[in-house]
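My numbering puts the first residue of the sequence shown at 145, with every later residue one more than the last.
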Amino acid sequence: MGIHMGFATTQALLAAAVLLTGLALPQPIRADAPPPTDRPFLRVVVIDHSPPFSDRDAAGALVGFNIDFGRELCRSLGAVCSFDAVPFKQIIEDVAAGRFDIGFGNVLRTPDREQRLLFSVPYWRSSTSLVGRRGMPELSLDEAIRSRRIATIRGSRQHAALLRLAEADPTLHANLVPVPTLDDLWDAMRNGQCDMAIGPTLNVVHFLLSDTGEGFETIGTPMSEDGLGGTVHIVFPPGQHALKAAVDRALTVLRNDGTYQRINRNYFPFDIY
C-alpha cells in the first residue's frame, strides 16, 4: 500500500482532506503584554498538542500549521497577536467566554456550538481514518469494532461514534481502548494494547509519514458521515461580527494570493482545503 497507504486509500485521502497555509509574522508578544497603540492586539488560542496543526518544539515554542497560518492571518489583519495553547475542550469554553479573540481549535460547526460561538468561513475539511499494521484487511468501522480492539482518544468525536455503535451490543465495549492523547493513540498500537486506532485523517497522515509510523497504514477509506468529519472553522466570541468579517476577507485573500497553499505544502502532501 504505497508509503504506508494504498493507492485507492491515498486517492480517497486526497479527495477527503483539506487545505490551510500562511507565512511568518513577527514574533508574537506575550499574552499579558499591553496592547500597542497603533495596531489592534488579538489573543489567539490553539490546541496544546495536535501535530501537525500545533505543537511545541524543543525550546517550548509553538509550531505547526495553525501557528504559521495564524501569524500570516494576523499580518493580513494588521494586528499584533499573542498565541497560547490549551486542550481542545477548553478552547471552546475560553473563546465563548471572551478570554481569547480567535480560536484555531480545528473546530467543526455544530448547532450546539453555533449557540455559543461565531464561525469563520471554512478553512479546511476534516475526516476520520482507521489505521493499523500494514497488511491488515480493509474493514468498515462497524466490522472493525466487532472484530478488533480499537484505540480512540477519550471524548473525541471518533470515541463518540464507537460508543454509538456499541449501544446496540454492549459486549463491543470490550473492544474500545480509550486513551488521553494522540501520542497515546500511536503508542497503544505499537505496544499491542490495541489492533488498530481511529483518529482525524490529517493527524493519521502525519503519523504515517513520521518515523514512528513505519509499518502502519490506513485501513479502508476516510469517513466523514455521522459526525466523523466536516468543514473546519476559526471561531470567535459571540458578538464579534466585525472581527469575523475581517477574518473571512483575509482568508479569501490568503487563498487567492497563494499564501495558504504555500503553508499547506510545508505540512501536507496534498491540498487540505
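Quick reminder that beta carbons are idealized off the backbone N, C-alpha and C, glycines included. This structure is a prediction, so every number in the text was calculated from the model and none was measured.
(request) Take H193 as the anchor and find which of P322, P382, D328 has the nearest alpha-carbon. (result) Minimum Cα-Cα distance from H193 among the listed residues P322, P382, D328 corresponds to D328.
(message) Using the three-state DSSP reduction, which class does V207 fall into: helix, strand or coil?
(response) Strand.
(message) Starting from P429, trace the alpha helix (DSSP H) in both directions and tell me its first and last residue.
(response) The shown model of the chain, from 145 to 417, leaves out residue 429, and the question about it has no answer.
(request) Output yes or no for whether 9 Å exceeds the beta carbon distance between N319 and I294. (result) Yes. Within cutoff.
(message) Need the endpoints of the alpha helix (DSSP H) that D331 sits in, please.
(response) Counting along the chain, the alpha helix (DSSP H) containing D331 begins and ends at 326-334.
(message) Check whether the segment 365-373 and the segment 258-272 are in contact - that is, three or more C-beta pairs closer than 8 Å.
(response) A contact exists between the segment 365-373 and the segment 258-272.
(message) Between which two residues does the alpha helix (DSSP H) holding L301 run?
(response) Before going on, a small fix: residue 301 reads as Arg here, not Leu. Counting along the chain, the alpha helix (DSSP H) containing R301 begins and ends at 301-311.
(message) Rounding to the nearest angstrom, what Cα-Cα distance links F414 and Q384 in this structure?
(response) About 33 Å.
(request) Could you check if K388 is buried or exposed, using at least 16 other CB atoms within 10 Å of its CB as the buried criterion? (result) By the neighbour-count rule (16 or more Cβ atoms within 10 Å), K388 is buried.
(message) Quick check on DSSP: helix, strand or coil for A386?
(response) If DSSP states are grouped into helix, strand and coil, A386 belongs with the helices.
(request) Measuring alpha carbon to alpha carbon, tell me which of R298, L262, A310 ends up nearest A288. (result) Of the candidates R298, L262, A310, A310 places its Cα closest to the Cα of A288.
(message) Does the segment 242-250 come into contact with the segment 374-383, if we say contact requires no fewer than three beta-carbon pairs (one atom in each stretch) closer than 8 Å?
(response) Touching, yes, given that three or more Cβ pairs across the two stretches are closer than 8 Å.
(request) Using the Cα positions of G279 and L372, report the straight-line distance between them to the nearest angstrom. (result) Distance between the alpha carbons of G279 and L372 is about 24 Å.
(message) My output table needs one value for I378: the three-state DSSP class, helix, strand or coil.
(response) I378 falls in the strand class under three-state DSSP.
(message) I need the straight-line Cα distance from V230 to I191, nearest angstrom please.
(response) Rounded to the nearest angstrom, the two C-alpha atoms are 5 Å apart.
(message) Do F185 and A240 count as a contact pair if the criterion is CB distance below 9 Å?
(response) No, these two residues do not count as a Cβ contact at 9 Å.
(request) Under 7 Å Cβ to Cβ from H350, same chain only, skipping five residues before and after it: list those, please. (result) So the qualifying residues of the chain are P195, P196.
(message) Taking the beta carbon of G299 as the centre, do at least 16 other beta carbons fall within 10 Å, making it buried, or is it exposed?
(response) The residue is exposed, with fewer than 16 neighbouring Cβ atoms inside 10 Å.
(request) Name, in chain order, the residues that DSSP records as bridge partners for D228. (result) D228 pairs with V189.
(request) Note down the Cα distance separating C225 from V251, rounded to an integer number of angstroms. (result) One C-alpha to the other measures close to 20 Å.
(request) Let me know if G402 comes out buried or exposed under the rule of 16 or more other beta-carbons within 10 Å of its beta-carbon. (result) By the neighbour-count rule (16 or more Cβ atoms within 10 Å), G402 is not buried but exposed.
(message) Between the alpha carbons of T325 and E237, how many angstroms are there, rounded?
(response) In this structure, the straight-line span from the alpha carbon of T325 to that of E237 is close to 19 Å.
(message) Taking 8 Å as the limit between beta carbons, can you name the residues of its chain near C338, skipping five residues before and five after?
(response) Taking C-beta separations shorter than 8 Å and ignoring five residues to either side along the sequence, the partners of C338 in its chain run R292, R293, I294, A295, V321, A332, following chain order.
(request) Determine the burial state of N210: buried for a count of at least 16 other Cβ atoms within 10 Å of its Cβ, exposed for fewer. (result) With 16 or more other Cβ atoms inside 10 Å of its own Cβ, N210 counts as buried.
(request) To the nearest angstrom, report how far apart Q259 and P281 are at their CA atoms. (result) When the Cα atoms are used, Q259 and P281 turn out to be separated by approximately 42 Å.
(request) With a 10 Å radius around its C-beta and 16 neighbouring C-beta atoms as the bar for buried, classify D370 as buried or exposed. (result) D370 comes out exposed.
(request) Answer with buried or exposed for T315, where buried requires no fewer than 16 other C-beta atoms within 10 angstroms of its C-beta. (result) By the 10 Å Cβ count, T315 comes out exposed.
(message) Classify A216: buried if its beta carbon has 16 or more other beta carbons within 10 angstroms, exposed otherwise.
(response) Rather than Ala, the amino acid found at residue 216 in this sequence is Glu. With 16 or more other Cβ atoms within 10 Å, it is buried.
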